[in-house]
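Accompanying notes for the structure given below.
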Amino acid sequence: MKKAVKSQRPVNLDLRTIKLPVTAYTSILHRISGVILFVGISIMLYALDKSLGSEEGFVAVKACLTSPLAKLVTWALLSALLYHLVAGVRHLIMDAGIGETLEGGKLGSKIVIAVSVVIIVLAGVWIW
Amino acid sequence: MVTNVTNLSRSGLYDWMAQRVSAVMLAAYFIFLIGYLVTHPGMDYAQWHELFSHKGMRIFSLLAFVALGAHAWVGMWTIATDYLTQMALGKSATTVRFLFQAVCGVVMFAYFVWGVQILWGI
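Protein sequence lines correspond, in order, to chains Z and A. By the numbering used here, the letter at position 111 of the first sequence is numbered 111, and the numbering carries on one by one without gaps. By the numbering used here, the letter at position 7 of the second sequence is numbered 135, and the numbering carries on one by one without gaps.
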């Protein structure tokens, strides 16, 4: 790295060499679920397009959703959405100044995991 | 390494705000949509078509598409500037990141146009 203006300036920490705490896992999962959704929106738009385009399309999408693979994809996308939503709500709560301490952050992360697991399981029950 | 030239508004604070506002709109939209699907089991085409033909639903959907574009841009920008760095990729980092963001931009624009086409094609 080139010499900066001041030699004592902090250097970016290399994330790959650091053991991650629970808060880091919920954070990286938030990002991963976001990327999955960014790609997955194409599937959702395709299904929306087809199901609204014609009655035959609607029936075809509905029939497709009965296959185990389609159910798995739907569940995966819904899981990414629900996790991203729950972790996002936590961000908004933290923006309001709640749970910003180290302990609060850890507790918040654990709550995010617990709530997500429950609603992701519920989503699975709903789909199957 | 200049990264803020590719953020949404050239202001971190404004990006932060846009991400939050779009997040709330998207949350409202998806909670409504999932709620509707859960409370309407065995729905037929006529019902589904009627829902999206409603003017309010079209406005809500269009708002969600706009929010999606802004939200995804800020999110993918954050990821690109965090991981596609000189530390990870060396000298080519700026080129790789620029191309990655260009692809993200094109995809988001395509999603938006596709979404509008779906809403107004019915």
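Every residue, glycine too, gets a C-beta built ideally from N, C-alpha and C. Keep in mind it's a predicted model, so treat the numbers as computed, not measured.
Between residue i and residue j, what straight-line distance do the alpha-carbon atoms span, to the nearest angstrom?
i      : j      : result
Z:M1   : A:N132 : Here Z:M1 scores only 49 on pLDDT, less than 50, and its place in the model is too uncertain to base an answer on.
Z:K62  : Z:L48  : 11 Å
A:F160 : A:A151 : 14 Å
Z:I41  : Z:I119 : 20 Å
Z:G104 : Z:V22  : 12 Å
A:Q175 : A:M145 : 36 Å
Z:R31  : Z:S79  : 13 Å
Z:V117 : A:V149 : 26 Å
A:K219 : Z:P10  : 21 Å
Z:A114 : Z:L45  : 30 Å
Z:L122 : Z:L82  : 11 Å
Z:V86  : Z:V112 : 6 Å
Z:G99  : Z:T74  : 33 Å
Please name the residue, chosen from the options, that lies closest to residue i on a Cα-to-Cα basis.
i      : options                        : result
Z:L37  : A:A200, A:K219, A:L179         : A:A200
Z:I127 : A:L190, A:G170, A:Q229, A:D210 : A:G170
Z:T26  : Z:G124, Z:D95, Z:G88, Z:L92    : Z:G88
Z:H84  : A:G140, A:L154, A:D143         : A:L154
Z:G34  : A:K183, A:Q147, A:Q214         : A:Q147
Z:V59  : A:D210, A:T222, A:D172, A:M215 : A:D172
A:I246 : A:F226, A:A156, A:T134, A:M185 : A:M185
Z:A76  : Z:L13, Z:R16, Z:V39, Z:D14     : Z:V39
A:G249 : A:T134, A:F180, A:V224         : A:F180
- Task: Could I get the ranges of all uninterrupted alpha helix (DSSP H) runs contained in the segment 185-231 of chain A, with 4 residues as the minimum, in chain order?
- Result: Taking 4 residues as the minimum length, the alpha helix (DSSP H) runs contained wholly in the segment 185-231 of chain A are 214-217, in order along the chain.
- Message: Please identify, using Cβ separations under 7 Å, the residues of the segment 227-242 of chain A that lie next to chain Z, in order along the chain.
- Response: Interface annotation for the segment 227-242 of chain A against chain Z: Y239, W242, criterion Cβ-Cβ distance under 7 Å.
- For the segment 144-158 of chain A, which residues have a CB atom closer than 8 Å to at least one CB atom of chain Z, in sequence order? Listed by position along the chain: R148, A151, V152, A155, F158.
- Message: Counting beta carbon pairs with one atom in the segment 201-211 of chain A and one in the segment 159-179 of chain A, are three or more of them shorter than 8 Å?
- Response: By the Cβ rule, the segment 159-179 of chain A does not count as touching the segment 201-211 of chain A, because fewer than three pairs are nearer than 8 Å.
- Item | Residues in the segment 174-199 of chain A having any Cβ partner in chain Z nearer than 8 Å | Close to chain Z, meaning a Cβ-Cβ distance shorter than 8 Å, are the following residues of the segment 174-199 of chain A: W176, H177, F180, L196.
- Is the segment 226-239 of chain A in contact with the segment 182-200 of chain A, if contact means three or more CB pairs nearer than 8 Å? A contact is defined here as three or more CB-CB pairs under 8 Å, and the segment 226-239 of chain A meets this definition with respect to the segment 182-200 of chain A.
- Taking only runs of the alpha helix (DSSP H) that begin and end inside the segment 29-115 of chain Z, which ones reach a length of at least 4 residues, in chain order? Taking 4 residues as the minimum length, the alpha helix (DSSP H) runs contained wholly in the segment 29-115 of chain Z are 55-64, 68-95, in order along the chain.
- Going along the segment 112-125 of chain Z in order, which residues come within less than 7 Å of chain A, judged by CB to CB distance? Taking 7 Å as the Cβ-Cβ cut-off against chain A, none of the residues of the segment 112-125 of chain Z qualify.
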